[in-house]
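Have a look at the structure below, then the notes.
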Amino acid sequence: MPQQLDYLKETPSQTAGPYVHIGLAPGAAGFQIYDQELGQDIAGPNAAGERIRVEGLVIDGIGSPVKDVLLEAWQANSAGVYAHPEHGGEVEEGFRGWGRVITDFETGEWAFETVKPGPVMGRNGQMMAPHINLWIVARGINIGLNTRLYFEDEAEANASDPIINVIEWEKRRETLIAKRSERDGQTVYRFDICLQGEDETVFFDI
Amino acid sequence: MTKPNQNMAEYYQRDRRWHPPAYAKDYKTSVARSPKFSLISLENTPSEITGPRFGHNDLAPTDNDLISNYAQPGESPIGERIIVHGRVLDENARPVPNTLVEIWQANAGGRYRHKKDTYLAPIDPNFGGCGRTITDENGYYYFRTVKPGAYPWRNWVNDWRPAHIHVSVFGSAFAQRLITQLYFEGDPLIKSCPIVATIPDPDAIEQLIARLDMNATIPLDTIAYKFDIVLRGRRSTLFENRLEGN
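Protein sequences appear in the order of chains W and G. Position one of the first sequence corresponds to residue 1 (the working numbering), numbered consecutively onward. Position one of the second sequence corresponds to residue 1 (the working numbering), numbered consecutively onward.
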């Protein structure tokens with residue numbers, strides 16, 4: 001008799017549904033229950049680096065903004081270190097590198113403030129350009145979508161980024177590049193996410 | 001400053017045929033929200049192998065008790081009192097300790113405390129409908145709540161969601177991030193639910209059905225259901241595929 005492989009199977013995903021806010025952002029659902037909601041401050045007060053605002057829409061296959069999305073962001077600090085014990089580096093006190101935001105119920109706009117991450121060493125000694133990892137869930141999304149936000153002003157680093165270069169179609173690579181602008185003295189990056197259609201954002205199986 | 005670590009073990013590839021596909025025509029909302037292009041497959045980098053960590057300072061000890069966490073003093077929500085408990089494991093059957101588990105659900109009448117829910121069943125003044133906890137060193141977690149009610153939703157004209165609790169889990173890595181739904185053993189609505197049916201494999205659906213657990217039931221007080229959660233497992237070897245010679 002052959003030996004048995006005794007692995008378990010991963011629990012299958014189900015949609016987060018229209019009321020994801022109750023669990024993950026109850027204030028947005030319309031009530032206060034927790035002493036502190038999680039994920040509202042990505043960088044903390046002590047983080048070094050450029051303070052930035054990131055904003056955008058999530059757009060469906062019809063071209064309409066999706067108004068019941070929850071996004072989570074995961075990023076390194078400005079020195080390229082993740083707040084995770086295995087990554088081995090140090091981060092500023094209060095830097096978590098993780099946050100969550102919802103799209104506005106009326107406009108579909110989402111935004112968060114953070115610091116611009118530094119480049120992170122990837123596989124095989126290949127440096128990855130600065131990026132923010134995003135995870136998107138909503139009603140109608142059966143399993144969370146992973147993508148990466150890269151920065152327009154890092155053109156040289158982006159050109160040699162090993163992940164961007166995995167994408168065969170150069171035109172599709174542009175869907176991962178956030179557009180930089182200044183507004184009232186603040187640096188703003190625009191990153192619209194298209195779930196479907198001609199400008200469909202690149203999503204990753206990580 | 002110490003140099004960040006690049007030699008981190010990877011997670012097993014996600015079995016995309018075990019999970020629901022993005023496009024599921026009978027769950028109508030998925031039609032315009034499903035990417036049409038293939039996902040781009042990535043080998044894990046530190047961006048995927050790391051992930052946020054949470055501690056007991058992030059939450060209150062009573063956050064896992066939905067019977068009391070929104071109730072007026074001396075009152076409690078209407079409904080069947082239940083314990084939902086189990087372990088968070090990985091595909092290697094190893095416990096996932098110290099990880100954040102968050103849940104949300106409708107009340108016993110099938111109504112959510114949400115400004116966008118207009119179902120005619122009433123809000124329960126003593127029920128918020130969310131909870132959170134951190135697994136212990138053995139990956140164990142538990143919640144106390146009331147059993148949620150079934151409710152109608154607009155998909156086909158007469159669709160009813162089976163009683164369910166939404167569950168969000170982090171694990172140790174962003175690659176393990178998962179949201180799912182817990183159903184209850186014996187619920188006749190499970191087999192006709194278009195959201196359940198987005199999962200192609202009947203054995204995978206079984207994995208979402210919490211079992212009645214009489215041993216964990218508190219006599220004369222609260223009935224129990226057991227629900228183990230499995231996150232992606234991880235390789236134990238560090239050998240990397242190199243494109244060029246070592």
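Ideal Cβ positions, reconstructed from N, Cα and C, are used throughout, including at glycine. Owing to the predicted nature of the structure, the values given are computational and were not obtained by experimental measurement.
Report the three-state DSSP secondary structure of residue i (helix, strand or coil).
i: residue 198 of chain W; result: coil
i: residue 181 of chain G; result: strand
i: residue 118 of chain G; result: coil
i: residue 15 of chain W; result: coil
i: residue 26 of chain W; result: helix
i: residue 102 of chain G; result: strand
i: residue 226 of chain G; result: strand
i: residue 86 of chain G; result: strand
i: residue 56 of chain W; result: strand
i: residue 13 of chain G; result: coil
i: residue 47 of chain G; result: helix
i: residue 135 of chain G; result: coil
i: residue 65 of chain G; result: strand
i: residue 42 of chain G; result: coil
i: residue 191 of chain G; result: helix
i: residue 65 of chain W; result: strand
i: residue 175 of chain W; result: helix
i: residue 181 of chain W; result: strand
i: residue 1 of chain W; result: coil
i: residue 126 of chain W; result: coil
i: residue 187 of chain W; result: strand
i: residue 87 of chain W; result: helix
i: residue 124 of chain G; result: coil
Is it right to say residue i is buried, meaning 16 or more other beta carbons lie within 10 angstroms of its own, or is it exposed?
i: residue 51 of chain G; result: buried
i: residue 218 of chain G; result: exposed
i: residue 244 of chain G; result: Residue placement at residue 244 of chain G is poorly supported in this model, since its pLDDT is 43, which falls under 50; the coordinates are not used for a value here.
i: residue 165 of chain W; result: exposed
i: residue 195 of chain G; result: buried
i: residue 62 of chain W; result: exposed
i: residue 72 of chain W; result: buried
i: residue 201 of chain W; result: buried
i: residue 64 of chain W; result: exposed
i: residue 169 of chain W; result: exposed
i: residue 132 of chain G; result: buried
i: residue 215 of chain G; result: exposed
i: residue 148 of chain G; result: buried
i: residue 83 of chain W; result: buried
Spatial neighbours of residue i within its chain, please: C-beta separation below 8 Å, excluding the five flanking residues on both sides.
i: residue 205 of chain W; result: 146
i: residue 46 of chain G; result: 4, 5, 6 and 8
i: residue 182 of chain W; result: 188
Please report the straight-line C-alpha distance between residue i and residue j, rounded to a whole angstrom.
i: residue 38 of chain W; j: residue 58 of chain G; result: 7 Å
i: residue 142 of chain W; j: residue 34 of chain G; result: 8 Å
i: residue 148 of chain W; j: residue 203 of chain W; result: 8 Å
i: residue 102 of chain W; j: residue 63 of chain G; result: 22 Å
i: residue 167 of chain W; j: residue 40 of chain G; result: 7 Å
i: residue 161 of chain G; j: residue 5 of chain G; result: 46 Å
i: residue 92 of chain G; j: residue 209 of chain G; result: 21 Å
i: residue 197 of chain W; j: residue 1 of chain W; result: 51 Å
i: residue 41 of chain W; j: residue 180 of chain W; result: 21 Å
i: residue 21 of chain W; j: residue 3 of chain W; result: 46 Å
i: residue 199 of chain W; j: residue 175 of chain W; result: 7 Å
i: residue 36 of chain G; j: residue 144 of chain W; result: 15 Å
i: residue 161 of chain W; j: residue 12 of chain W; result: 32 Å
i: residue 95 of chain W; j: residue 79 of chain G; result: 41 Å
i: residue 76 of chain G; j: residue 151 of chain G; result: 22 Å
i: residue 184 of chain W; j: residue 13 of chain G; result: 44 Å
i: residue 56 of chain G; j: residue 139 of chain G; result: 15 Å
i: residue 17 of chain G; j: residue 15 of chain W; result: 16 Å
i: residue 118 of chain G; j: residue 119 of chain W; result: 47 Å
How would you list, in chain order, the residues of chain B whose beta-carbon sits under 7 Å from the beta-carbon of residue i?
i: residue 19 of chain G; result: Looking for chain B here will not work: the only protein chains present are W and G.
Short of 6 Å in beta carbon distance, which residues of its chain neighbour residue i, apart from the five on each side in sequence? Order them along the chain.
i: residue 75 of chain W; result: 97, 117 and 132
i: residue 198 of chain G; result: 20, 24 and 27
i: residue 49 of chain W; result: 78, 115 and 116
i: residue 190 of chain G; result: 162, 183 and 196
Identify, in the order they occur along the chain, each residue of the same chain with its Cβ nearer than 7 Å to the Cβ of residue i, setting aside the five sequence neighbours on each side.
i: residue 6 of chain W; result: none
i: residue 135 of chain G; result: 88, 96, 97, 98, 99, 101 and 141
i: residue 227 of chain G; result: 84, 86, 182 and 210
i: residue 8 of chain W; result: none
i: residue 178 of chain G; result: 169 and 231
i: residue 1 of chain G; result: At residue 1 of chain G the pLDDT is 46, less than 50, meaning the model places this residue with poor confidence and gives no usable figure here.
i: residue 90 of chain W; result: 81
i: residue 163 of chain W; result: 128 and 148
Discussion item. Taking 8 Å as the cut-off, does the stretch 148-161 of chain W touch the stretch 20-36 of chain W (at least 3 CB pairs, one atom from each stretch)?
Written reply: The count of Cβ pairs closer than 8 Å, one atom from the stretch 20-36 of chain W and one from the stretch 148-161 of chain W, stays below three, leaving the stretches out of contact.
Discussion item. Does the contact criterion of 3 or more C-beta pairs under 8 Å hold for the stretch 156-163 of chain G versus the stretch 118-127 of chain W?
Written reply: no
Discussion item. I want to know whether the stretch 93-103 of chain G touches the stretch 161-178 of chain G - three or more CB-CB distances under 8 Å.
Written reply: yes
Worksheet item: Taking three-plus beta-carbon pairs below 8 Å as touching, is the stretch 52-64 of chain W in contact with the stretch 186-196 of chain W?
Response: Contact between the stretch 52-64 of chain W and the stretch 186-196 of chain W is present, because at least three Cβ pairs lie under 8 Å.
Discussion item. Count Cβ pairs between the stretch 204-213 of chain G and the stretch 42-52 of chain W that sit closer than 8 Å; are there 3 or more?
Written reply: no
Practice prompt. Inspect the CB distances between the stretch 177-193 of chain G and the stretch 106-122 of chain G and report whether three or more fall short of 8 Å.
Written response: Touching, no.
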